[in-house]
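Student: As they're listed, the protein sequences go chains A and B.
Sequential numbering from 1 applies to the first sequence in this note's numbering.
Sequential numbering from 1001 applies to the second sequence in this note's numbering.
The beta carbon of each residue, even a glycine, is placed where N, CA and C say it ideally should be.
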Amino acid sequence: MPILGRRDKTPLGVYIHVPFCRSKCQYCDFYSLTTKDDRLIDRFVDAICAHIRETGPLAPGYRVDTVYFGGGTPSYFGADGMATILSAIRRAFDVTSDAEITFEANPDSVSDKLLHRLRGEGFNRVSLGVQTDNDDLLRRLGRPHNYAQVLTAVQRIRRAGYKNLSLDLMYGLPGQTLAAWQETLVHVLNLAPEHMSCYALKVEPGTPLYDYKELCNIPNDDVQADMYLSAVEILKDHGYRQYEISNFARKGMVSRHNLKYWMGGEYLGFGPDASSDFAGKRFSVVRDLQAYIDGIKRHGPVLREVQEIPARERAGEYLMTRLRTTAGIRKDEYENLFLLPFEPLEASLNRCKDHALATRTPDGGWRLTPEGFLVSNSIISDLLLIQDQTTPFARRR
Amino acid sequence: MTDLSKIRNFSIIAHIDHGKSTLADRLLEICGAVDSREMADQILDSMDLERERGITIKARAVQLSYLADDGETYDLNLIDTPGHVDFHYEVSRSLAACEGAVLVVDASQGVEAQTLANTYLAADAGLEIVPVINKIDLPSARPQEVKAEIEDILAIPAEDAPEISAKNGINIRAVLERIVRDVPPPKGDREAPLRALIFDSQYDSYRGVIVYVRVMEGTVRPGMEIRMMATGAVYRAVEVGTMNPLGLTPRDSLGAGEVGYITASIKTVSDTRVGDTVTGAEHPAKEPLPGYRAVQPMVFSGIYPADGAKYQDLREALEKLKLNDASMRYEPESSLALGFGFRCGFLGLLHMEIIQERLEREYNLDLITTAPNVVYRVTKLNGETVMVDNPLDYPDPMEIQLAEEPFVKASLIAPQEYVGSIMDLCTSRRGEFKNMVYLDERRVELHYEMPLNEIIYDFFDALKSRTRGYGSLDYELIGYRPSRLVKLDILLNGDLVDALSFILFADNAYPRARKICEKLKENIPRAQFEIPVQAAIGGKIIARETIKALRKDVLAKCYGGDITRKKKLLEKQKEGKKRMRTFGTVSVPSEAFMAVLKLDDD
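And the structure:
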């Protein structure tokens, strides 16, 4: 009976944002600090644990089946803090015994000691930032490690008993050619990870790279598109199935936590700049460590952008996030969830199909092809427009 | 009624930007008509758009009470005139209501095309011309040379012309004294049958149309039955009076020589055409005043709401604008590509732009407009003659015996160093050179006869850029001439976009087709698939461009915190698409239509 009782509960993901890094990468626009002062870290741990403790009772009907420590660089932040925070999560929430518990790591900060300690605490998945095998590029991107350290890190992770390893790569890097990218990918796949994420470099305003992006010979859109399509091909040949625009996994090894973002699952985020989608609302934590610590201490507000998402908007989110995945969208599901007609969307999807941008899924739904993923913003905005125009009783501007 | 000897009726004429409206403001100020605190700049131009563009669109009139140096008080009726070539006819009617004209000439620019054109108009109307040199405060002012120019070119004595700065209020009284001294007082028998010249009218939602008139003969009083001699409409006058800068002042009567207004519960300005004669219904005049003609729109364009659901709003807006603008014409039309809209006729390109802007601004409409075209005259093999103001109505080439297009006589004035490039421009626009006159040692006036169609696109802009802004243009219609015309069609992804079809001179078809295809390629965003852009004449493709398929438009990362951001981005993209028109499978933003309208010269 208790087992059944647990299964009745709604799955919930917990995300922990660890805002500390050894150094800032040139392209990164995540919230993180390069100061690592022990007192600040203690206060951060206290604050986030208090935040978790206070939030837990608000989610009695939920079981936590995924936990994700991102950042920042959790491995650099250290095992003690992470262990403390994970314990707080276990105390405040109903964490299932088979929960997927991931932490992000950089090759320069994974010691055997840290890996063993965290494995002992229940962490069972590591997402390692590799980005490229080219040391020169790693240096230019401001990464705090070289490729040799990647090899060592992977060995240590495996030795410590992690059966689920994900490697992050980037393409479209300064000066990178299609051939160089293909070689990098094949080279990295020799490390036999269970999971791969391949991201196009996106030059975000406010990052150092943004200021000199014209000068560093970033491959154009056409080349990047070719890089992407060839990556999908190579990964498929190596036995990795694409399940999202930028994510690939061996059978059964998809990131259950990340899927929640795209499949409409619920998650709670803790730590500065962490985001949540919980009980019909989307909200984010302030993007400022000190404000977060002070806010928690004084029981003041630490959230920003709290938005109740109406059903109509959820219908848009459904198209937006589900079409990132190979699970795609389904007529019956869409019509039942949002009480909106699916047929008008189908005309547009059929046109995409004619141009090999979309395809039918075995269960009668629709998904985008890799070529379709490449222009997914354009496809999705078309669908959103059709959705607007065919929503019954829609308010006229 | 004011004694005739104490009335002066005058206009101010000038080239655009020579300071006509500013001078009017100063005259008002000096006559105490307006407290300077109450006066927004350029009170005569009361439409926002007029003020922003610095041009006067609709003529207005105002009565000033001026205590002159001779100790007498005069009623000075200032009739403002529109300053653009599109409104040629309105200007001529305003001038016909006056005995004199103040000619404002910029002290640094000197005599320009519209100075000439307007002076000739005023002289033809038999007006006494009072030259005034404006902007003498500018460092580049050269009043003596400009006076000499006026004497040489216009043959008007200008030696003692007042040198003023309307902007800084310098020497304005001298202008008023000159008006009193030089402009003859009006004549006219106040007992004769009524003849009053309509020089403007304006719709007011409380009183109906306010008809602005100059009484030439007889007297008009409230309660009197009046008839518009050209339109035949009969009304009972409700109120007569004079125009003050800040409103209307009712009077018992308006007699010969006076300028004022009549209201008669008139519902539309189309009954009160500019140039028409108002007479008494009981004792009508035998003859109307000379010079009336029905104004014909010369430029036509399709106007469509960007959002098809706004068709009714657009119709209501056009109805309201029409109340106040008898020269605009519109009728419903529909396009496969653009849905329901209106084919509208305008006096010229500026008039068209003004109407479009008013629709967008005052009525908050997003519009798509099709390329403007002139009215073609086509004689079919069966002898039937049709006037074509819509490219879609252009007959099949096999049925055409003779195609004709309207021609204008154009006068261009510029410093002589630009003669070469003006000639190149006019030749490229099928201009036929008539003659060239040296106005002085610096400036030249060129006369060309050319198709109106060549002027309505971007001729004026091209002239300005080739003459660094010094060139000026005036033109008038001289009739239809045979021409070799073709209809050019545009296809997107193989589908004909009817709204982009237009008629043009056969020899221009290739270059223009190429340019249009290029412009469309630049302005239509890449789609998920390749889009061929083709131009065709009678089914034969003569130009082609390809809009390549979009290769990459994707957000690589989208985790918890990115979703809100991504949503905003996609919503924005969606809103952008909402403003586009879909033709078959291709979405076209309204900028693409505008780009086709404004093909550059180079």
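Against chain B, does M196 of chain A count as a neighbour if the rule is that its beta carbon must be under 8 Å from one of theirs?
Tutor: no
Student: When you compare the CB of K1557 of chain B with every CB in chain A, is at least one pair closer than 8 Å?
Tutor: yes
Student: How many whole angstroms separate the CB atoms of A1403 of chain B and S1501 of chain B, which I take to be in contact at a CB cut-off of 8 Å?
Tutor: 16 Å between Cβ atoms; not a contact.
Student: Under 8 Å, do T325 of chain A and Y243 of chain A count as touching if we go by C-beta distance?
Tutor: yes
Student: Would you list, in chain order, the members of the segment 213–237 of chain A that have their beta-carbon closer than 8 Å to a beta-carbon of chain B?
Tutor: D221, D222, Q224, A225 and Y228
Student: Thinking C-beta only, is K1577 of chain B closer than 8 Å to S432 of chain A?
Tutor: Outside the displayed span of chain A (1 to 397) sits residue 432 of chain A, for which this structure offers no information.
Student: Could you check which residue in B:P1139, B:I1524, B:V1554 and B:I1133 has the C-alpha nearest to that of E1591 of chain B?
Tutor: B:I1524
Student: Would you please state the rounded distance, in angstroms, between the beta carbons of I1172 of chain B and V1104 of chain B? I believe it to be under 8 Å.
Tutor: At roughly 12 Å, the Cβ-Cβ gap does not stay under 8 Å, so I1172 of chain B and V1104 of chain B are not in contact.
Student: Can C1344 of chain B and R1358 of chain B be called in contact, C-beta distance under 8 Å?
Tutor: no
Student: Closer than 9 Å between beta carbons: that is the criterion. Which residues of the segment 1565–1595 of chain B meet it against chain A?
Tutor: K1566, K1567, L1569, L1570, E1571, K1572, Q1573, K1574, E1575, G1576, K1577, K1578, T1585 and S1587
Student: Cα-Cα, which of A:E343, A:L141, A:N164 and A:R63 is closest to T102 of chain A?
Tutor: A:N164
Student: Who are the neighbours of G264 of chain A on chain B, taking C-beta pairs under 9 Å?
Tutor: The contacting residues do not exist; G264 of chain A stays about 11 Å from chain B at best.
Student: Taking 8 Å as the CB-CB cut-off, is G1339 of chain B touching chain A?
Tutor: Judged by the 8 Å Cβ criterion, G1339 of chain B is not in contact with chain A.
Student: Can you tell which of A:Y228, A:G265, A:N217 and A:H195 has its C-alpha closest to the C-alpha of G239 of chain A?
Tutor: A:H195
Student: Residues of chain A with a CB under 7 Å from the CB of L1550 of chain B: which are they?
Tutor: V375 and S378
Student: Going by the C-beta, is E1217 of chain B closer than 7 Å to any heavy atom of the ligand MG?
Tutor: Looking at this structure, you won't find the ligand MG or any other ligand, since it has none at all.
Student: Are A153 of chain A and P205 of chain A closer than 8 Å when you measure CB to CB?
Tutor: no
Student: Quick check: what's the CA-CA separation for S348 of chain A versus A1309 of chain B?
Tutor: 22 Å
Student: Quick one: which chain A residues come within Cβ less than 7 Å of Q953 of chain B?
Tutor: The first residue shown for chain B is 1001 and the last is 1602, placing residue 953 of chain B beyond what the model contains.
Student: Run the CB neighbour count on M1398 of chain B, radius 10 Å, all protein chains shown included, and call it buried at 16 or more, exposed below.
Tutor: exposed
Student: With burial defined as no fewer than 16 other Cβ atoms inside 10 Å of the residue's Cβ, what is the status of T1119 of chain B: buried or exposed?
Tutor: Result: buried.
Student: I1563 of chain B versus chain A: which residues are under 8 Å apart at the beta carbon?
Tutor: Proximity of chain A to I1563 of chain B at the Cβ level (cut-off 8 Å) is accounted for by Y261, S275, D277, R282, E317, M320 and T321, in chain order.
Student: Measure from the C-beta of V1554 of chain B to each C-beta in chain A and report whether the shortest distance is under 8 Å.
Tutor: yes
Student: Nearest chain B C-beta to R324 of chain A closer than 8 Å, yes or no?
Tutor: yes
Student: To be precise: take each residue of the segment 1296–1310 of chain B, compare its Cβ to all Cβ atoms of chain A, and keep it if any distance is under 9 Å. Which residues remain?
Tutor: If the cut-off is 9 Å between Cβ atoms, the segment 1296–1310 of chain B has D1307 and A1309 near chain A.
Student: How many angstroms separate the CA atom of M1594 of chain B from the CA atom of V67 of chain A?
Tutor: 54 Å
Student: Grab me the residues of G1656 of chain B's own chain with a C-beta within less than 8 Å of its C-beta, minus the 5 sequence neighbours each way, in chain order.
Tutor: Limits of chain B in this structure are 1001 at one end and 1602 at the other, which puts residue 1656 of chain B out of reach.
Student: Does Q224 of chain A pass the burial test, meaning 16 or more other C-beta atoms within 10 Å, or should it be called exposed?
Tutor: Residue environment: Q224 of chain A is assigned as buried (16 or more neighbouring CB atoms within 10 Å of its CB, all protein chains considered).
Student: Pick out the complete beta strand (DSSP E) segments inside the segment 150–207 of chain A, 3 residues or longer, and give them in chain order.
Tutor: Runs of the beta strand (DSSP E) spanning 3 or more residues and lying entirely within the segment 150–207 of chain A occur at 164–171 and 195–200, in chain order.
Student: Which same chain residues, not among the five before or five after L185 of chain A, have their C-beta less than 7 Å away from its C-beta?
Tutor: L169, A231 and I234
Student: Can you tell me whether M1229 of chain B is helix, strand or coil according to DSSP?
Tutor: coil
Student: According to the Cβ coordinates, are D1440 of chain B and I1153 of chain B closer than 8 Å?
Tutor: yes
Student: Measuring alpha carbon to alpha carbon, tell me which of B:Y1510, B:N1493, B:Y1418 and B:L1488 ends up nearest S1465 of chain B.
Tutor: In terms of Cα proximity to S1465 of chain B, the closest of B:Y1510, B:N1493, B:Y1418 and B:L1488 is B:Y1418.
Student: Taking the alpha-carbon positions, what's the P1395 of chain B to V1444 of chain B distance?
Tutor: 42 Å
Student: For Y62 of chain A, name the three-state secondary structure that DSSP assigns.
Tutor: strand
Student: For the alpha helix (DSSP H) containing P1511 of chain B, name the first residue and the last one.
Tutor: A1509 to N1523
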